[in-house]
Amino acid sequence: MQQADRLSEHSRRQPESVSQHQPESVPQHQPESVSQHQPESAPQCQSGPALPEPQSEPEQMSDLQREQSSDRPRPRIFPWDSEEQISSLLKLTSMSMRKQIERALRPLGLTQQQGLTLRILLHHPGSTHSDLERILRIEKPSVTNLISVMERRGWVVRKKDEQDARFKQIHLTSEGEELAGRIDATVEQTKSRMMNALSDEEILLLKSLLKKLRKSWEDEPKEDSRP
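With the first letter of the sequence shown counted as 1, position 9 gets the number 9 in this note's numbering; the numbers rise by one all the way through.
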């Protein structure tokens, strides 16, 4: 009888243990995981700062149209346009040609001015200081210094003019003639290479336009001569 009573008492205690633990496990984890995490993530995305809306294309076009229709003066994008651009192009072209010729004359130990003077004397022997001033477009002291340097190097000699002893003619020495011939060939090759981009007709047209432009500038009256 005692054993039967123990079994009946044990059977009564077993349901209680189930009823005590099984219901408690459900409310501890499943409801808390849903209530703790899912609601918190949603406000983080919605509470961010609002981005500015991009300006629409019609508004941009209207601003451009208003700016173009305005009477106020607008700054020029390229202030060297028109006539100033022509002068810039002429200067840049002249500088490029000068650099090419100087590069070709450098192995010979000559400057461009010295090389040009030797070429002038090769084709026009007996030129005077005044002739070189006019062709080289430099002042008399510069011509005197240039010829003195070339004379010391043995490239030129100065002789009195047979018709007027007040003037001196400049001639090449044998060494100067040899050097001038090499310079002449080098410069002509360099010029031909630079002018390959133009046809013969374009070269003639370019020369004609440059002469016309230069003449118009030189014929323009000076400010001092105006009434």
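Yeah, the Cβ is synthetic: ideal placement off N, Cα and C, and Gly gets one too.
If you draw a straight line from the C-alpha of residue i to the C-alpha of residue j, how long is it?
{"i": "N97", "j": "F167", "result": "It should be pointed out that residue 97 corresponds to Met in this sequence rather than to Asn. Roughly 34 Å separates the two Cα atoms."}
{"i": "R193", "j": "V187", "result": "10 Å"}
{"i": "G109", "j": "S174", "result": "18 Å"}
{"i": "G154", "j": "Q189", "result": "26 Å"}
{"i": "I86", "j": "G115", "result": "28 Å"}
{"i": "L92", "j": "R158", "result": "36 Å"}
Using the rule of at least 16 other Cβ atoms within 10 Å of the residue's Cβ for burial, across every protein chain shown, is residue i buried or exposed?
{"i": "V149", "result": "exposed"}
{"i": "I170", "result": "buried"}
{"i": "T117", "result": "buried"}
{"i": "A104", "result": "buried"}
{"i": "L228", "result": "The question about residue 228 has no answer here: the residues shown for the chain are numbered 1 through 227."}
{"i": "I101", "result": "buried"}
{"i": "L172", "result": "buried"}
{"i": "L90", "result": "exposed"}
{"i": "L146", "result": "buried"}
In the DSSP assignment, what are the bridge partners of residue i?
{"i": "V187", "result": "None; V187 has no bridge partner."}
{"i": "K159", "result": "Q169"}
{"i": "S199", "result": "Partner(s): none; S199 has no beta bridge."}
Are the beta-carbon atoms of residue i and residue j separated by less than 9 Å?
{"i": "L121", "j": "V156", "result": "yes"}
{"i": "I183", "j": "R119", "result": "yes"}
Cβ contact (3+ pairs, closer than 8 Å) linking the region 201-212 and the region 122-140: no
The region 178-185 / the region 129-145 touching (three or more Cβ pairs under 8 Å): no
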